[in-house]
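Engineer: I am attaching a structure below and will ask some questions about it afterwards.
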Amino acid sequence: MKTPSKILGKQATKTAIYGGIIGLGTIVVATLSAAFVSSGEVSLDAIILAQKTNTALWTIDIMPFVFMFWGQRMSSSIAEEADTMVIEKTNELWNKTQQFRDQIEQEYSHDQLTKLPNAQQFLKHINQLLEPNSSEPMAEAESLLQTFSGYITKQHKVSRHMAIILLEIDHFKEISQTFGSQNADDLLLEASIRIKQVFAQSQTMVARIGVDNFGILVNKVAETQVVATIEKVHAAFKQPFEINGLTITLEISVGACLHPQHGDTAQELMQNAEIARYACQQDAKAYTFYSPALNTYNIEDLILKTEISRAFEHDELQLYYQPKLNARGDIHDVEALIRWLHPEKGLISPDTFIPMIIQKRMNGELLRRILHLALTQAKAWQAQDIHVRIALNLTAFDLLEASLPDMISDELREFSLTADSLKLEITETSLIENQELALITLNKLSEMGIPTSIDDFGTGYSSLSYLTSLPIDEIKIDQMFVKTMASNHKNQKIVQAIIALAHSLSLATVAEGVEDKETLQMLRKMQCDYIQGYYISKPLSAAHFTAWIQKFKAARSSAVQP
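Be aware that the sequence shown starts at 100, since it is given in the numbering used here, and climbs by one per residue.
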């Protein structure tokens, strides 16, 4: 292989040779000229005489050889310098490449905030312990199961126990929203340092496996040792954290499972450890070991619970709209119903995911998201000459939020909308649970001009005193009575009694769950003010509802009844 130094040296040698050839040519010409000048002719004798008598020709004679010698020496020197330069630059490039490769590997395999191994590196390290000579790549999902399966097999052979411990920092998202993302990151870093210090003198593997989750794998232990380990972790979190002048106390939920008692496969053990952690969080315990009795916790719900944060980040939570009609068949308002458009599972009912949101204390974020989506749509509809009030559902937790009226006021101001753009629906149960606080919040909302409706009326605790003490505008009759009233005489009487009670208190009534014409006609005879249900329309996405209402308005203008 021709290196740059060899090429450069060869080129210098060629230059020296060409210079010698030119020099020899010069000697010939000079000698012939000198012979002719001294003898008047060019002959061998004249040339010999010129060489003897003309000393200047001697200098010319040796110059080509001096030039060739100097050129050869220069070429050797240049080649050596080039070799040295190439070697130095090659080494420099190699070192930079290696540093870059190490940096990429570090970023790929470690959490950049805590510098702990990430989940993939954690599993890869276990796999290397099991199969030191194995270098075949595996898919990440298969690696998870195969790594733990191999590790489990090895533990079984040596009759040792293995413990998988999952730790979650409780309410971390709420902490991040309250104190800011930078303080939250600093808090996570300090938390990881404390966990690492617990295991500084052991071979225990610790990794950051999620935003607020850590995984701990303890090898060759008894259950009592695992309990002692968990207690040490709890002790590390008892001392409050001092972060940028803030004092923050963290709580953790810890779930653990053991092999072989709690499973034979990696997937089973990981699921059972997560079930134990979830049960710990639900029951507010210090830690929970898996047991078959915990299998009442549905694994699908656990998976959804871990994905609910992603739903907020990826705008998977959307509003669907269902209209309400008055006795004349005009649109009274529309109820906004939250839905989770899961990328794999499709449309998920709020009955499934709202309890998860409340359990994770994300209900405040959900309310802000619903309010923002609703007002965004109201503004868009106004631009299309569609003027309709949107009714939003509030939970008991929302009513306990003292800043609720101000938050709604700020959002209305941001969209340049008036208070009559909204209506709030609250359940009967949420009013009874904390009537005093509800009264304060509802009075402020009423002063703002926002009407309130009692949802699912008739399913609460039959304490009717709030009907006269709270600023309520409307009662919604629960669909459990409405759907069957055509065939169930008792339910028909209940609906009729609720309508009469509401009207006696100057309250409007809404019957939800109207699914056929017969029920609609009965409600009109009872003088129910508004109706809602699949007979009118099912809940529709914003785009589909826009098309529906435009078609509905066109039909109404032609005097066609729905």
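Glycine included, C-beta positions come from ideal geometry on N, C-alpha and C.
On a predicted model such as this, the values are computed, not experimentally measured, just so you know.
#1: Can you tell which of Leu516, Glu510, Ala435 has its C-alpha closest to the C-alpha of lysine 478?
#2: Between the Cα of aspartate 450 and the Cα atoms of His441, Gln296, Ile437, which residue gives the shortest distance?
#3: Along the chain, where does the alpha helix (DSSP H) that runs through histidine 431 open and close?
#4: Whose C-beta lies closer than 7 Å to the C-beta of glutamine 649 among residues of the same chain, with five residues either side of it excluded?
#5: Taking DSSP as the reference, what is the three-state secondary structure of alanine 646?
#6: The alpha helix (DSSP H) spanning glutamate 322 covers which residue range?
#7: Are the Cβ atoms of isoleucine 342 and aspartate 285 separated by less than 8 Å?
#8: How far does the alpha helix (DSSP H) with glycine 463 in it reach, from first residue to last?
#9: Ignoring anything shorter than 3 residues or poking outside the stretch 363 to 410, list the beta strand (DSSP E) runs there in chain order.
#10: Can you tell me whether alanine 410 is buried or exposed, with buried defined as 16 or more other CB within 10 angstroms of its CB?
#11: Among His441, Ser408, Ile292, Leu466, which has the Cα closest to the Cα of lysine 214?
#12: What are the partner residues of leucine 265, as DSSP defines its beta bridges?
#13: Can the beta-carbon of aspartate 572 be found less than 8 Å from the beta-carbon of leucine 604?
#14: Could you have a look at methionine 304 and say whether DSSP puts it in helix, strand or coil?
#15: Leucine 600 and alanine 610: beta carbons closer than 8 Å?
#16: Exposed or buried, valine 310, counting other C-beta atoms within 10 Å across all chains shown (16 or more means buried)?
#17: So, under 8 Å CB-CB, proline 638 and tyrosine 419 are touching, yes? Tell me the CB distance rounded to an integer number of Å.
#18: So, leucine 521 versus arginine 467, is the Cβ gap smaller than 8 Å?
#19: Would methionine 625 and isoleucine 598 be called neighbours here (beta carbons separated by less than 8 Å)?
#20: Taking the beta carbon of tyrosine 386 as the centre, do at least 16 other beta carbons fall within 10 Å, making it buried, or is it exposed?
#21: Hey, out of Tyr634, His270, Gln211, whose CA is closest to arginine 460's CA?
#22: Could you work out which residue in Glu434, Glu443, Ile453 is closest to serine 636 when comparing CA atoms only?
#23: My understanding is that serine 568 touches leucine 536, with C-beta atoms under 8 Å, so please give their C-beta distance in whole angstroms.
#24: So, for phenylalanine 298: in the same chain, excluding its five sequence neighbours on each side, which residues have a beta-carbon less than 7 Å away from its beta-carbon?
#25: Would threonine 608 pass as a contact of isoleucine 576 if the rule is Cβ separation under 8 Å?
Structural biologist: Taking the structure as given:
#1: Leu516
#2: Ile437
#3: No alpha helix (DSSP H) holds histidine 431; the beta strand (DSSP E) holding it covers 430 to 441.
#4: none
#5: helix
#6: 322 to 337
#7: yes
#8: 462 to 482
#9: none
#10: buried
#11: Ile292
#12: Gly314, Gly354
#13: no
#14: strand
#15: no
#16: exposed
#17: 4 Å
#18: no
#19: yes
#20: buried
#21: His270
#22: Glu434
#23: Incorrect: roughly 13 Å between the Cβ atoms, too far for contact.
#24: Val305
#25: yes
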